[in-house]
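>
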Amino acid sequence: MTSSHQGTRVASGEQLVLATLIGGVGNHVGAWRRLNSRVEEKYDLSLFTDVVRWAESAKLHAVFLADTVRLDAESLRTQPFAGLEPVTLLSALAAVTEHIGLIGSISTTFSEPYNVARQLASLDHLSRGRAGWNLVTSAYGEENFGVELPPHAERYERGAEFAQVLCELFDSWDADAIRIDREAGVYADPDRVHRIDHRGKHFSVQGPLNVARPPQGRPIIAQAGSSDHGQAVGARYADLVFTTGRTTVEDGARFYRSLKTRVVAAGRSADEVKVLPGVSPIIGETEAQARAFEKELNGYIDFDDGRVRLSRQLAGIDLSDLELDEPIPAERLPAESAVQGRRSRYGVYLDLIAEGWTLRRLIEWEVSSAGHFVPVGDPEQIADLLLGRFEAHSADGYILLPSFLPEGLQLLTDAVVPILQERGAFHTEYADGDLRDSLGLPPVVSSRDRDLVDARSRS
Numbered sequence: 001m002t003s004s005h006q007g008t009r010v011a012s013g014e015q016l017v018l019a020t021l022i023g024g025v026g027n028h029v030g031a032w033r034r035l036n037s038r039v040e041e042k043y044d045l046s047l048f049t050d051v052v053r054w055a056e057s058a059k060l061h062a063v064f065l066a067d068t069v070r071l072d073a074e075s076l077r078t079q080p081f082a083g084l085e086p087v088t089l090l091s092a093l094a095a096v097t098e099h100i101g102l103i104g105s106i107s108t109t110f111s112e113p114y115n116v117a118r119q120l121a122s123l124d125h126l127s128r129g130r131a132g133w134n135l136v137t138s139a140y141g142e143e144n145f146g147v148e149l150p151p152h153a154e155r156y157e158r159g160a161e162f163a164q165v166l167c168e169l170f171d172s173w174d175a176d177a178i179r180i181d182r183e184a185g186v187y188a189d190p191d192r193v194h195r196i197d198h199r200g201k202h203f204s205v206q207g208p209l210n211v212a213r214p215p216q217g218r219p220i221i222a223q224a225g226s227s228d229h230g231q232a233v234g235a236r237y238a239d240l241v242f243t244t245g246r247t248t249v250e251d252g253a254r255f256y257r258s259l260k261t262r263v264v265a266a267g268r269s270a271d272e273v274k275v276l277p278g279v280s281p282i283i284g285e286t287e288a289q290a291r292a293f294e295k296e297l298n299g300y301i302d303f304d305d306g307r308v309r310l311s312r313q314l315a316g317i318d319l320s321d322l323e324l325d326e327p328i329p330a331e332r333l334p335a336e337s338a339v340q341g342r343r344s345r346y347g348v349y350l351d352l353i354a355e356g357w358t359l360r361r362l363i364e365w366e367v368s369s370a371g372h373f374v375p376v377g378d379p380e381q382i383a384d385l386l387l388g389r390f391e392a393h394s395a396d397g398y399i400l401l402p403s404f405l406p407e408g409l410q411l412l413t414d415a416v417v418p419i420l421q422e423r424g425a426f427h428t429e430y431a432d433g434d435l436r437d438s439l440g441l442p443p444v445v446s447s448r449d450r451d452l453v454d455a456r457s458r459s
């Protein structure tokens with residue numbers, strides 16, 4: 001499709017931000033059973049090296065690693081859930097890539113900010129400014145840390161303070177603190193390395209950080225909660241907001257407007273935060289081939305296991321007495337406000353149940369999507385869909401979650417991305433500089449420099 005088909009956003013020079021999830025062998029839980037899934041290499045760096053290089057060859061902005069801090073051993077019977085720790089893997093991938101961003105999830109509920117700041121600053125240095133952190137508050141895992149899971153609101157309160165401490169720690173080194181004056185014997189100016197003396201409800205941190213200021217000033221912060229509390233944290237601290245792939249354009253546009261309004265209310269420009277819903281496409285060279293892939297993947301579904309997975313998403317309600325082709329009675333479900341974990345995703349399920357979706361259809365959607373939008377089609381159809389939602393201000397880009405690997409990602413990078421580039425909707429080369437430059441985000445101004453500017457403007 002030529003530029004004559006461009007929408008308003010593309011015609012004005014706006015382009016998509018695209019990242020991809022790389023942590024497994026495909027977003028569909030049955031993907032590992034395909035003969036060429038490479039599931040045997042799930043703990044082998046060569047698999048991840050191949051995947052991240054495919055993504056980089058297509059000029060994707062970033063790769064993204066999800067994470068969890070618990071394991072239900074029974075789930076391993078049917079799914080390869082366990083995986084590598086994100087910062088460790090991303091550090092290895094930094095050595096085999098040059099441009100692509102490296103974003104990993106770290107829990108604010110079960111981590112301490114000083115350690116996380118050290119990890120992220122180190123990754124940013126090793127990757128020459130390509131590190132990112134996906135802030136998650138964790139709905140599970142308390143049994144591995146000897147604590148009770150805090151309520152939803154408290155987890156986000158802690159998450160916000162956690163992000164604030166990280167920003168203060170990254171700012172604890174001035175950009176020109178390192179002097180390296182061999183003749184005078186001065187490595188750094190200690191007057192340009194500062195304590196932060198943070199004293200808050202959840203954290204007491206003296207500082208300074210024992211890693212020099214990151215090349216980006218601050219690694220990219222992503223945030224993955226769409227509830228009211230999640231949006232509040234994202235609006236204040238995030239550069240990228242990951243969200244579930246809303247089932248309709250209108251639903252996505254409502255979330256987009258809500259988040260951007262909060263960003264402006266937090267004193268930031270709406271363009272400083274990119275909204276990236278998850279999309280898990282099933283792509284074929286033709287629509288018929290894509291439908292065949294969908295049928296193959298759904299043929300691997302274990303519906304007994306699917307009931308368990310779906311029950312977890314629905315606040316643990318009992319589904320054992322329902323027939324597969326029976327709808328879930330809405331009266332069994334607690335209100336969204338009563339749910340303590342993954343509240344925004346739960347709201348999506350409530351909407352689908354209200355539409356009368358059967359248990360079978362919900363299980364198929366859960367195991368194929370993990371709550372994200374699952375379009376099925378050929379490369380042209382997928383490109384049309386991605387651009388349509390972009391033009392409708394339902395997204396600034398996407399987290400691409402290929403339903404199966406490796407072909408699913410290769411079809412995205414080799415077939416869909418060139419269509420987007422031909423239409424002027426996606427860049428053909430990486431921007432010079434760091435990940436922040438690649439994403440079109442403004443440079444970080446340290447709080448100390450900002451205070452100086454404010455003081456001068458008042459004098």
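Take the sequence shown: its position 275, counting from 1, is numbered 275 in full-length UniProt numbering, and each next residue is one higher. Note that CB positions come from ideal geometry on N, CA and C, so glycine has one too. On a predicted model such as this, the values are computed, not experimentally measured, just so you know.
Spatial neighbours of F81 within its chain, please: CB distance less than 6 Å, with the 5 preceding and 5 following residues excluded, ordered by chain position.
Cβ neighbours of F81 beyond the five flanking positions: S75.
> If you draw a straight line from the alpha carbon of F145 to that of H28, how long is it in whole angstroms?
Their backbone Cα atoms lie some 30 Å apart in a straight line.
> Alpha carbon to alpha carbon, what distance is there between G433 and S91?
Computed Cα separation, rounded: 19 Å.
> How far does the alpha helix (DSSP H) with H92 in it extend, from its first residue to its last?
A quick correction: the sequence has Ala, not His, at residue 92. Taken as a continuous stretch (DSSP letters only), the alpha helix (DSSP H) holding A92 covers P86 to A94.
> Quick one: complete beta strand (DSSP E) runs, 3+ long, within the stretch 53-135?
The stretch 53-135 contains these whole beta strand (DSSP E) runs: 62-65 and 101-107.
> Pairing CB atoms from the stretch 233-244 with CB atoms from the stretch 184-201, are three or more of them under 8 Å?
No, they do not touch.
> Taking its Cβ as the centre, do 16 or more other Cβ atoms sit within 10 Å of N134, making it buried, or is it exposed?
N134 is buried by the Cβ-count criterion.
> Hey, out of T68, L35, I22 and A73, whose CA is closest to A55's CA?
Nearest option by C-alpha distance: I22.
> The beta strand (DSSP E) with K274 in it runs from where to where?
Segment K274 to V279, the beta strand (DSSP E) holding K274.
> Nearest to P334 by alpha carbon, out of E323, E326 and R312?
Among E323, E326 and R312, the Cα nearest to that of P334 is on R312.
> Under DSSP, the alpha helix (DSSP H) around R179 begins and ends at which residues?
R179 -> not in any alpha helix (DSSP H); beta strand (DSSP E) instead, spanning I178 to D181.
> State the DSSP-derived secondary structure class of T20, mapped to helix, strand or coil.
T20 falls in the strand class under three-state DSSP.
> Enumerate, from N- to C-terminal direction, the unbroken alpha helix (DSSP H) stretches of 4 or more residues contained entirely within the stretch 344-376.
Entirely contained in the stretch 344-376, the alpha helix (DSSP H) runs reaching 4 residues are, in chain order, 359-369.
> Do A253 and A392 come within 9 Å of each other at the CB atom, strictly closer than that value?
Cβ atoms of A392 and A253: closer than 9 Å.
> By how many angstroms is the C-alpha of A288 removed from the C-alpha of D171?
Cα to Cα, D171 sits roughly 54 Å from A288.
> Nearest-angstrom Cα distance between N210 and A121?
If you take the alpha carbons of N210 and A121, they lie about 10 Å apart.
> Skipping 5 residues on each side, what residues in its chain have a beta carbon closer than 6 Å to that of P327?
So the qualifying residues of the chain are G356 and T358.
> Tell me which residue opens and which closes the alpha helix (DSSP H) that A395 is part of.
From DSSP, A395 is part of no alpha helix (DSSP H); its letter is neither H nor E.
> Please confirm whether A370 and S280 have their CB atoms less than 9 Å apart.
In this structure, S280 lies closer than 9 Å to A370 by Cβ.
> Once DSSP output is grouped into helix, strand and coil, what is the label at S138?
Here S138 sits in coil by DSSP.
> Keeping to the same chain, check which residues put their C-beta closer than 6 Å to that of E85; ignore five residues upstream and five downstream.
Cβ within range, chain order: n/a, list empty.
> Just the C-alpha distance for S4 and D384, rounded to the nearest angstrom, thanks.
Note on S4: pLDDT 48, under 50, position unreliable in the model; no value is reported.
> On the DSSP bridge assignment, give the partners of S204 in chain order.
Paired residue(s): R199.
> Taking all protein chains shown into account, do 16 or more other C-beta atoms lie within 10 angstroms of the C-beta of T88, making it buried, or fewer, making it exposed?
By the 10 Å Cβ count, T88 comes out exposed.
> Express the C-alpha separation of S12 and V136 in angstroms, rounding to a whole number.
When rounded, the distance between both Cα atoms is 34 Å.
> With 16 as the cutoff for other CB atoms within 10 Å, does Q119 come out buried or exposed?
Buried.
> Going by the CB atoms, is the gap between V52 and F17 shorter than 9 Å?
Correcting the residue type first, residue 17 is Val in the shown sequence and not Phe. Not a contact, by the Cβ cut-off of 9 Å.
> Please name the residue in G278, Y156 and D321 whose C-alpha comes closest to that of R389.
It is G278 whose Cα lies nearest to the Cα of R389.
> Give me, in chain order, the residues of the same chain whose beta-carbon lies closer than 6 Å to that of G200; leave out the 5 immediate sequence neighbours on both sides.
Excluding positions up to five away in sequence, the list reads E161.
> In the structure shown, what three-state DSSP assignment does A383 receive?
Three-state result, A383: helix.
> Report buried or exposed for K295, applying the criterion of at least 16 other Cβ atoms within 10 angstroms of its Cβ.
It is exposed - the Cβ of K295 has fewer than 16 other Cβ atoms within 10 Å.
> Roughly how many whole angstroms lie between the Cα atoms of R132 and W365?
Correcting the residue type first, residue 132 is Gly in the shown sequence and not Arg. Spanning the two alpha carbons is a distance of roughly 29 Å.
> With DSSP as the reference, please indicate the residues paired to L240 in a beta bridge.
For L240, which the question treats as bridged, DSSP gives the partners A222 and K274.
> Between T244, P214, R128 and I221, which has its C-alpha nearest D108's C-alpha?
For the record, residue 108 in the displayed sequence is Thr; it is not Asp. Measuring from the Cα of T108, the nearest candidate turns out to be I221.
> Can you tell me whether T244 is buried or exposed, with buried defined as 16 or more other CB within 10 angstroms of its CB?
So T244 counts as buried.
> Exposed or buried, which one is Q206 when buried takes at least 16 other CB atoms within 10 Å?
With fewer than 16 Cβ atoms within 10 Å of its Cβ, Q206 is classed as exposed.
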